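To keep things clear, I will list the structure first and then write my remarks on it.
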Amino acid sequence: MVKLQRTGSRAVLDLCAECCASPDPRERQVAAAVLGQLRVGDGRVSTEFHEVRYQALLAVLLAEVAGPADARVLASACVALGHLYDPRSIPAVVGLHGYPDPDVRYAVVHGLMEYDVDEAVVALIALSADVEAQVRGWATFALGQQIKRDTPAARVALRNRLPDPDCDRRAEALCGLARRGDVVGTETLIAALRSDGPSPVLLEVAIMAASPTLCPALRDVENRLPKPSMHCRSDPVREAMTDALRACGCGLAEPISSTAMTGPICDSVGSAMVVEHHASGGASAQRLEPA
Numbered sequence: 002m003v004k005l006q007r008t009g010s011r012a013v014l015d016l017c018a019e020c021c022a023s024p025d026p027r028e029r030q031v032a033a034a035v036l037g038q039l040r041v042g043d044g045r046v047s048t049e050f051h052e053v054r055y056q057a058l059l060a061v062l063l064a065e066v067a068g069p070a071d072a073r074v075l076a077s078a079c080v081a082l083g084h085l086y087d088p089r090s091i092p093a094v095v096g097l098h099g100y101p102d103p104d105v106r107y108a109v110v111h112g113l114m115e116y117d118v119d120e121a122v123v124a125l126i127a128l129s130a131d132v133e134a135q136v137r138g139w140a141t142f143a144l145g146q147q148i149k150r151d152t153p154a155a156r157v158a159l160r161n162r163l164p165d166p167d168c169d170r171r172a173e174a175l176c177g178l179a180r181r182g183d184v185v186g187t188e189t190l191i192a193a194l195r196s197d198g199p200s201p202v203l204l205e206v207a208i209m210a211a212s213p214t215l216c217p218a219l220r221d222v223e224n225r226l227p228k229p230s231m232h233c234r235s236d237p238v239r240e241a242m243t244d245a246l247r248a249c250g251c252g253l254a255e256p257i258s259s260t261a262m263t264g265p266i267c268d269s270v271g272s273a274m275v276v277e278h279h280a281s282g283g284a285s286a287q288r289l290e291p292a
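Numbering (my numbering), first residue to last: 2 to 292.
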């Protein structure tokens, strides 16, 4: 499937459009995934054949909705339409936000990201309270960081995630509120830093807060970070920590320069490679594409 996506030719387009009407749901699922991410020679997602791709994806989605529906095909089509970023798809995708299968609801979130319109925002608000953690988390991220709309309902939805059992959800909610100028109190951020650790998202909130009262908590979690590795050319967590300390006026020692380092980008929190969400097509592609 990846090879087909990277080819991006008219022949691949026609083949996938034909397979969208296949009686085999696996063929429909793969065809939709390929149509959403046809790529040109340098690896960029192609903007060619947009209308043909959109119509084929919308047709397969509506056909599945009409029944009998296959959840894998629905999910693949929703994610693919999200990659095309065509506002005409919003009503069809929104209509699935309450679908029983969590993978479909998860895909709906990815199909609606960045659409700053009433219909999409209302659906994302509902999905931010989903019983499935993955759905809830990505909807909170989309609502907090991908959408700029500032409404009382959006703020309430984000505030409702502050006591979420998952630390990533809490961090995304704090960030979304901070981006809207909603000061939830430094004590909330301090508690999150001390209990959850210095994630890049929480440090971004600290930078926006720019409050000296955060300094003791920032210094505390900074001291708990693993020592920097000379094998890493950069460390996003340590760099964000430096920015947060500077923004809050905490005073800084001379930072270790990463410009002369070679090696992978590292993550101090997990001591793991940092992989950008979109570098491999996003988490949705990793979860929803067939093996």
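Glycine included, each C-beta is placed from N, C-alpha and C at the ideal position.
Computed from a prediction, not measured in an experiment: that's the story for all the values here.
Would residue i be called buried (16 or more neighbouring beta carbons within 10 Å of its own) or exposed?
i      : result
Pro199 : buried
Gly37  : buried
Cys21  : buried
Ser196 : exposed
Asp104 : buried
Leu63  : exposed
Ala261 : Per-residue confidence for Ala261 stands at a pLDDT of 38, beneath the threshold of 50, marking its modelled position as unreliable; no derived number is given.
Gly83  : buried
Asp15  : exposed
Give me the Cα-Cα distance between residue i and residue j, rounded to the nearest whole angstrom.
i      : j      : result
Ala81  : Pro227 : 39 Å
Arg11  : Leu58  : 16 Å
Glu52  : Asp117 : 22 Å
Arg73  : Arg27  : 8 Å
Val31  : Thr214 : 52 Å
Val61  : Gly68  : 11 Å
Pro217 : Ala248 : 14 Å
Thr141 : Ala33  : 26 Å
Tell me the DSSP secondary structure of residue i in three-state form.
i      : result
Ser77  : helix
Ser90  : helix
Cys249 : coil
Ile148 : coil
Glu255 : Residue confidence for Glu255 is low, a pLDDT of 45 falling below 50, so the modelled location carries little weight; the figure read from the coordinates is stated next. Correct three-state label for Glu255: coil.
Gly42  : Legend: pLDDT at Gly42 = 48, less than 50; position of this residue unreliable, value from coordinates given subsequently. It is coil, neither helix nor strand.
Val53  : helix
Ser196 : helix
According to DSSP, which residues form a beta bridge with residue i?
i     : result
Ser23 : Paired residues: none, contrary to the question.
If you compare alpha carbons, which of the options is closest to residue i?
i      : options                        : result
Thr189 : Arg181, Leu203, Arg180, Gly182 : Leu203
Asp1   : Asp117, Gln135, Arg162         : Because the chain is modelled from 2 through 292, residue 1 falls outside the range shown and cannot be assessed.
Val122 : Cys79, Trp139, Ala155          : Ala155
Gln147 : Asp131, Leu178, Gln56, Leu163  : Leu178
Ala245 : Val222, Ala211, Ala60, Asn224  : Ala211
Arg181 : Cys168, Asp151, Leu159         : Asp151
Gly112 : Ile126, Ile91, Ser129          : Ile91
Asp165 : Lys149, Glu133, Thr187         : Glu133
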